[in-house]
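Numbers given in this note's numbering equal positions in the sequence shown, counted from 1, plus 76.
A short worksheet on the structure shown next.
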Amino acid sequence: MPDRPEIVCICGSMRFIEDMRVVSQSLTLAGVIVLMPAEVDTTITEEQKAALGELHLRRIDLADRVVVVNRGEHYGESTLREIAYAEAVGKPVTFVGPAWGSL
């Protein structure tokens, strides 16, 4: 038995935030600690967007693995950067969504 619950960082386009919430709920009910992108309900500056992107990379640092939520083939620049970063630091990356038979 592990000393602590698994920590998973969810990544994906904010256009799929509802899907990310579904995945988060499922993982949380399975006993996983879930880290997700910050939701901001207002217009933000490019500096703020960059800062939020850096914060999300730190979430990846904290995670044991990364789950990418996607509907089809859309991967935005930020999501691709997060996937590349996770792989570069040795985090396992899995994908969920209708294209993978889940979600």
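Virtual Cβ for every residue (Gly too), placed ideally from N, Cα, C.
The criterion of a C-beta distance shorter than 7 Å is not satisfied by Ile93 and Val143. The shortest CA-to-CA distance from Met96 to any of Pro81, Ile83, Pro113 and Glu158 is the one to Pro113. Comparing C-alpha distances from Leu111 to each of Val84, Ala126, Leu128 and Tyr151 shows the shortest one belongs to Val84. Where Ile136 is concerned, there is no enclosing beta strand (DSSP E), although the alpha helix (DSSP H) around it starts and stops at Glu122 to Leu138. Around Val98, the same chain offers no residue with a beta carbon nearer than 6 Å, after the five sequence neighbours per side are excluded. Non-local C-beta neighbours of Val108 in its own chain, meaning closer than 7 Å and more than five positions away in sequence, comprise Pro81, Glu82 and Val84, ordered along the chain. Of the other Cβ atoms in all chains shown, 16 or more fall within 10 Å of the Cβ of Ile136; this residue is therefore buried.
Taking 8 Å as the upper bound for CB-CB distance, Gly129 and Ser102 are not in contact here, some 25 Å apart. According to the DSSP assignment, Thr170 belongs to the beta strand (DSSP E) that extends over Val169 to Val172. Thr104 and Asp140 have their C-alpha atoms some 14 Å from each other.
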